[in-house]
Amino acid sequence: MGTGKGPATLEALSMLLLLGEVKRVLVLGPKRVAVSTWPGEIEKFKASFGHMKIAVAVGDADTRRAAIGSDAVIVTANYDVLEWLVEYHGANWSFDCIVCDESTKLKSLRVSIQTSKSGKKFLTGQGGKRAKALARVALTRATRFICLSGTPAPNGLEDLWAQYFFLDSGRRLGTSFTAFSHRWFRARPGSDPQKQQIEPLPFADEQIRAAIKDITIALEARDYFDLPELIENDIKVEMPSAAMKLYKKMEQEMFVELEGKPIEAFSAAALSQKVLQIASGALYTDADGAWSLVHDAKIEALQSVVEEAAGMPVLCAYHFKSDLARILKAFPKAVHLGADPKIIDRWNAGEIQMLVAHPQSAGHGLSLQHGSNILCFFSSNWSLEASAQMVERLGPTRQAQSGYNRPVYVHRLIAAGTLEEVVVKRLRTKASIQDALMEAMKISR
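Per the UniProt record's numbering, the sequence shown starts with residue 1, numbered consecutively.
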C-alpha cells in the first residue's frame with residue numbers, strides 16, 4: 001500500500017494507448033478513489049499523463065452517461081454502479097481495458113465457464129451481483145485486465161481465486177472456485193453449521209504462489225527506502241462491573257434486557273456483533289438503529305489518547321454508528337469524514353483536531369498523512385482489509401513519501417476480557433498469512 005500503484009499503472013496505460021494496444025480504459029474503485037484519487041494522480045503528474053483525458057462516471061445517471069459518452073480515454077467509476085454500467089452499455093461495450101483498484105471487491109465471485117452444445121461459452125454460478133456483472137463483459141469484451149490491491153488476501157488464500165479468475169479466466173487457479181478449493185483446501189467445522197469453512201492444505205501456500213507468480217508484481221516500500229517506525233499500542237479498557245455483567249449475560253444467554261427493552265441474538269454472527277457493541281459502549285435495541293448507552297470507558301480512554309497527543313491531531317476509526325454519535329458528542333471539535341472532499345483538505349492543512357472516519361469509507365486511496373501521524377481504533381471488527389487500509393492512510397510509507405521523518409502511532413482501544421481481544425489477535429494472524437504471500441510475490445531487485 002502506498003507504493004505508487006496508481007502512477008505505475010498510468011505509465012503502463014499511457015504506453016498501451018500510444019501503441020494502440022488498447023483504445024479505452026475503465027478504472028473501477030471505491031467511490032472516493034474513482035472521484036478523487038485517479039483524476040488527482042493525472043493532475044499531479046500532468047507532464048507525464050496530461051495527454052490522457054479522464055472522465056468520472058460517478059453520481060446520478062445523467063452524470064454517468066455524460067462521462068461514458070465523452071471522448072475521454074479513461075473513465076473512472078465506483079463498484080456500486082457496475083450492474084447499471086453493464087446494462088447501459090449492452091452490446092456496445094467500449095472498454096477493452098479494465099483496471100480494478102482495490103480488487104478484493106471482486107473476491108465474492110463464484111462462477112465457472114461452461115460450453116454449450118453449440119460450442120458457445122457462458123458463465124454459470126453464484127457470487128456478488130457486481131462481480132458477476134463485470135465478469136460478463138471482462139471475460140468476453142476486454143483484452144486487458146489489471147488488478148490492484150495492497151491487501152490481496154485479507155482473509156486468507158481463498159480470497160485470491162476470483163481476482164485471478166478475472167486476470168486469466170481460471171488458467172492458473174482453476175476454472176471454478178469449487179475446483180480451486182478442492183485442489184488446495186479442506187473443509188473444517190465452523191461456528192455456523194450451515195456455512196462451510198475451509199482451510200488451506202499444507203502445500204497450498206507454496207503451490208498457489210508458484211502458480212500466480214508470473215503475472216504478479218509485489219512491492220514493499222521498506223525494501224527500497226527507510227521508513228518511519230510503526231508503533232502499535234494496545235490500550236486495555238476495563239469496563240464497569242455493570243457493563244461486564246451485561247456482556248457476560250448476552251454472551252451466555254444470547255438475551256438481555258436494557259432499559260426495559262428485550263434484546264436477543266438469533267445466531268452466532270448476531271451474538272458476535274452484540275457483544276462487540278457492548279464492548280464498544282452502546283447496544284442497539286431495535287432494527288431501526290436505536291441504541292442505549294452501556295458505558296463510557298472507551299470515551300475516557302480516547303480522551304487520554306488525545307491528551308497524550310499534546311496538540312497533534314488524531315485520526316479516530318469507528319465501527320458502529322453509535323460510536324460516531326458518542327465520539328462527536330464527547331469531542332465537539334471532532335469532524336466526521338463525510339462526502340465533502342474539502343474535509344480532507346482541511347485535515348491535511350492541520351485545521352481539524354480530530355477526524356472521525358469509518359474504515360470502509362476512508363480506507364481506500366485517501367492520503368491523510370499530512371494531517372497527523374496518530375491513529376486510534378475506537379472499536380474492533382473482523383476485517384483485516386479495512387484495518388490495514390485504514391492504517392496506511394497515514395502509515396509509514398505515506399509519511400516517508402511526503403518527507404515526514406516521524407513515527408506512526410496506532411492505538412487500539414480494547415475492552416479487556418471481551419471478544420475484542422480475540423478479534424485483534426485474529427487480525428494479526430490474518431496479517432501474517434498475507435505478509436507471507438506478499439513476501440513471496442516480490443519481484444527480485
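Even glycine gets a Cβ: it sits at the ideal position worked out from N, Cα and C.
Check: With L157 and A211 assumed to form a contact (beta carbons below 8 Å), what rounded beta-carbon distance in angstroms separates them?
Finding: So it is not a contact: roughly 11 Å between Cβ atoms.
Item checked: Start-to-end residues for the alpha helix (DSSP H) that takes in A62 -> It should be noted that the sequence gives Asp, not Ala, for residue 62. For D62, the enclosing alpha helix (DSSP H) stretches over residues A61 to G69.
Margin query: I'd like to confirm the pairing. Which residues does DSSP put opposite M312 in its beta bridges?
Written below: DSSP lists no bridge partner for M312.
Next item on the list: Throw me the rounded Cβ distance for the S280 and K261 pair, which I believe falls under 8 Å.
Entry: Between the beta-carbon of S280 and that of K261 there is about 18 Å, and that puts the pair past the 8 Å contact cut.
Checklist line | Alpha-carbon spacing of L134 relative to V22, whole angstroms | finding: The C-alpha of V22 is placed about 18 Å away from the C-alpha of L134.
Notebook entry, point to check: Shortest alpha-carbon distance to E102 belongs to which of T37, I374 and D345?
Noted result: Answer by Cα proximity: T37.
Notebook entry, point to check: Run through DSSP, which three-state label would T124 get?
Noted result: The three-state reading of DSSP puts T124 in strand, counting E and B together.
Next item on the list: Determine the closest residue to E238 out of I343, A301 and K117, with distance taken between C-alpha atoms.
Entry: Nearest of I343, A301 and K117 to E238, Cα basis: A301.
Check: When we look at the beta-carbon of S444 and count the other beta-carbons within 10 Å, is it buried (16 or more) or exposed?
Finding: Summary for S444: the model assigns pLDDT 42, below 50, so the residue's position carries little reliability; its value from the coordinates is reported in the next sentence. With fewer than 16 other Cβ atoms inside 10 Å of its own Cβ, S444 counts as exposed.
Next item on the list: Report yes if the CB atom of S112 is closer than 8 Å to the CB atom of G128, and no otherwise.
Entry: 8 Å or more divides the Cβ of S112 from the Cβ of G128.
Notebook entry, point to check: Roughly how many angstroms lie between the CA atoms of A57 and E253, to the nearest whole one?
Noted result: Rounded to the nearest angstrom, the two C-alpha atoms are 49 Å apart.
Margin query: If you measure between the beta carbons of I235 and Y409, is that distance less than 8 Å?
Written below: It is not a contact, given that the beta carbons lie outside the stated cut-off.
Notebook entry, point to check: Between which two residues does the alpha helix (DSSP H) containing H182 stretch?
Noted result: It spans F177 to W184 - the alpha helix (DSSP H) in which H182 sits, taken as one unbroken run.
Next item on the list: Mind listing, in chain order, the continuous alpha helix (DSSP H) runs of no fewer than 4 residues lying wholly within the stretch 309-383?
Entry: Annotation: the stretch 309-383 contains the following complete segments of the alpha helix (DSSP H) (minimum length 4 residues), in chain order: 321-330, 342-348 and 359-362.
Notebook entry, point to check: Do you know offhand how far Y318's Cα is from H336's?
Noted result: The alpha-carbon of Y318 is positioned some 10 Å away from that of H336.
Item checked: Cβ-Cβ distance between P359 and A334 below 8 Å -> No. Outside cutoff.
Next item on the list: Report yes or no: do three or more beta-carbon pairs, one from the stretch 90-101 and one from the stretch 46-53, lie closer than 8 Å?
Entry: With a cut-off of 8 Å, the stretch 46-53 and the stretch 90-101 do not count as touching, because too few Cβ pairs lie within range.
Check: Is it right to say L375 is buried, meaning 16 or more other beta carbons lie within 10 angstroms of its own, or is it exposed?
Finding: L375 is buried by the Cβ-count criterion.
Next item on the list: Use the C-beta contact count for Q126: other C-beta atoms within 10 angstroms, 16 or more gives buried, fewer gives exposed.
Entry: By the 10 Å Cβ count, Q126 comes out exposed.
Item checked: E199 in three-state terms, based on DSSP -> DSSP places E199 within a strand segment (E or B) once states are collapsed to three.
Check: Since H411 sits in a beta bridge, which residues does DSSP pair it with?
Finding: H411 has N233 and C376 as its beta-bridge partners, per DSSP.
Notebook entry, point to check: From K44 to I278, what distance separates their C-alpha atoms?
Noted result: So the alpha carbons of these two residues sit roughly 45 Å apart.
Next item on the list: For L114, count neighbouring Cβ atoms within 10 angstroms of its own Cβ and tell me buried if that reaches 16, exposed if not.
Entry: For the sequence presented, residue 114 should be read as Gln rather than Leu. With fewer than 16 other Cβ atoms within 10 Å, it is exposed.
Check: Can you tell me the Cα-Cα spacing of A265 and L246, whole angstroms?
Finding: CA-to-CA, the gap between A265 and L246 works out to about 14 Å.
Next item on the list: Using three-state DSSP, classify E102 as helix, strand or coil.
Entry: The answer is coil: DSSP assigns E102 none of H, G, I, E or B.
Check: How should K430 be labelled, buried or exposed, when 16 other C-beta atoms within 10 angstroms of its C-beta is the threshold for buried?
Finding: It is buried - the Cβ of K430 has at least 16 other Cβ atoms within 10 Å.
Note to self: Helix, strand or coil, according to DSSP, for N92 in the structure here?
What the structure shows: Note: N92 maps to helix in three-state DSSP.
Checklist line | Boundaries (first-last residue) of the beta strand (DSSP E) holding E264 | finding: Per DSSP, E264 belongs to the beta strand (DSSP E) from K261 to E264.
Checklist line | Exposed unless 16 or more other CB atoms sit within 10 angstroms - verdict on N92 | finding: By the 10 Å Cβ count, N92 comes out exposed.
Notebook entry, point to check: Roughly how many angstroms lie between the CA atoms of R428 and V27, to the nearest whole one?
Noted result: The alpha-carbon atoms of R428 and V27 are separated by roughly 31 Å.
Margin query: Are the CB atoms of L355 and P313 within a distance shorter than 8 Å?
Written below: Closer than 8 Å, so yes.
Margin query: Tell me which residues share the same chain as A388 and place their Cβ nearer than 6 Å to its Cβ, disregarding the 5 neighbours each side in the sequence.
Written below: T151.
Notebook entry, point to check: From I54 to D60, what distance separates their C-alpha atoms?
Noted result: C-alpha separation (whole angstroms): 18 Å.
Notebook entry, point to check: So what does DSSP say about L394, is it helix, strand or coil?
Noted result: If DSSP states are grouped into helix, strand and coil, L394 belongs with coil.
Notebook entry, point to check: Taking T175 as the reference, which of K120, I344 and F165 has the closest Cα?
Noted result: Nearest of K120, I344 and F165 to T175, Cα basis: F165.
Check: In whole angstroms, what is the alpha-carbon distance linking V75 and E307?
Finding: Near 45 Å, if we compare the C-alpha coordinates of E307 and V75.
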